[in-house]
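Chains as they are written, first to last, in this note's numbering: chain A, 1 to 122; chain B, 1 to 122.
Next comes the structure, spelled out in structure tokens:
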């Protein structure tokens with residue numbers, strides 16, 4: 001028997017969610033989710049996040065088509081971080097890279113570019 | 001030629017860092033880092049984080065021995081999240097699981113327990 005895990009959204013009412021490619025294991029991006037974003041993700045099977053700068057719920061890939069089908073949502077021990085295991089359409093990063101983590105801290109590019117952002121975003 | 005990437009710590013002066021097992025690709029944990037935590041990680045090669053509850057820098061594994069040797073640090077496109085690629089000694093989670101993300105959101109345990117916390121923490 002299992003019980004749904006309580007999430008600890010805290011005062012900010014949001015927690016970080018990490019998207020990981022379910023097949024390759026590559027960590028694709030980190031964004032934030034509210035309770036509503038998690039609900040929408042579960043209802044639709046597509047990753048939703050909350051934009052802190054735009055202050056709104058957004059569906060990943062709504063404009064680019066680079067949606068994330070969510071195979072599984074995991075919760076960490078404290079209930080204050082999520083892991084989305086996803087099938088990523090196209091690339092996760094708006095720069096055209098497969099992963100937003102395409103650089104080392106020393107500025108070396110280690111990721112793979114999978115699309116041309118000029119052709120995707122108008 | 002590469003230049004060190006500027007990190008966007010923002011008003012909170014900290015950003016999330018995701019630790020991923022460099023070999024298996026498993027996402028192990030998410031914690032927060034300050035500028036000082038990143039410096040200490042780079043100096044020592046061992047993952048350091050900043051505890052929001054204790055308000056202090058901490059070295060992962062300082063009490064448990066379950067240190068993380070950091071092979072590489074990656075930065076995301078916005079410079080406001082880090083990815084530590086690590087060799088994890090023992091397990092990452094204080095509960096004894098290899099990863100802190102050992103449960104699905106429905107409460108099903110999917111992770112592997114690799115140590116007994118009662119024997120590690122006194």
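Beta carbons are placed, not taken as given, at the ideal position from N, Cα and C, and that holds for glycine.
task: Return the residue from the list 82/B, 96/B, 121/B, 8/B that minimises the CA-CA distance to residue 41/B.
output: Nearest C-alpha to residue 41/B: 82/B.
- request: Return the bridge partner residues of residue 16/B from the DSSP annotation.
  value: 32/B
task: Can you give me the Cβ contacts of residue 115/B inside the same chain, cut-off strictly under 7 Å, excluding the 5 residues immediately before and after it?
output: 90, 91, 96
query: What are the residues that DSSP puts in a beta bridge with residue 104/A?
result: 74/B
field: Cβ contact check for the stretch 15-33 of chain A and the stretch 98-115 of chain A: 3 or more pairs under 8 Å
entry: Touching, yes, given that three or more Cβ pairs across the two stretches are closer than 8 Å.
field: In chain order, each beta strand (DSSP E) run of at least 3 residues that lies wholly inside the stretch 31-65 of chain B
entry: 48-51, 56-59
query: So which residues on chain A does residue 72/B lean against when the C-beta distance must stay under 9 Å?
result: Going along chain A in sequence order, the residues near residue 72/B (Cβ under 9 Å) are 104, 105, 110.
field: Neighbour flag for residue 141/B against chain A, beta carbons, 8 Å
entry: The structure shown does not extend to residue 141/B, since chain B is modelled only from 1 to 122, so the question has no answer here.
query: For the beta strand (DSSP E) that contains residue 87/A, what are its first and last residues?
result: 82-88
- prompt: Is residue 34/A close to chain B, meaning its C-beta is less than 8 Å from at least one C-beta of that chain?
  reply: no
task: Round the Cβ separation of residue 33/B and residue 50/B to the nearest angstrom and send it over; I've been treating them as touching at under 8 Å.
output: 6 Å
field: Contact with chain A by residue 144/B, beta-carbon distance below 8 Å
entry: Outside the modelled stretch of chain B, which goes from 1 to 122, sits residue 144/B, for which no answer is possible.
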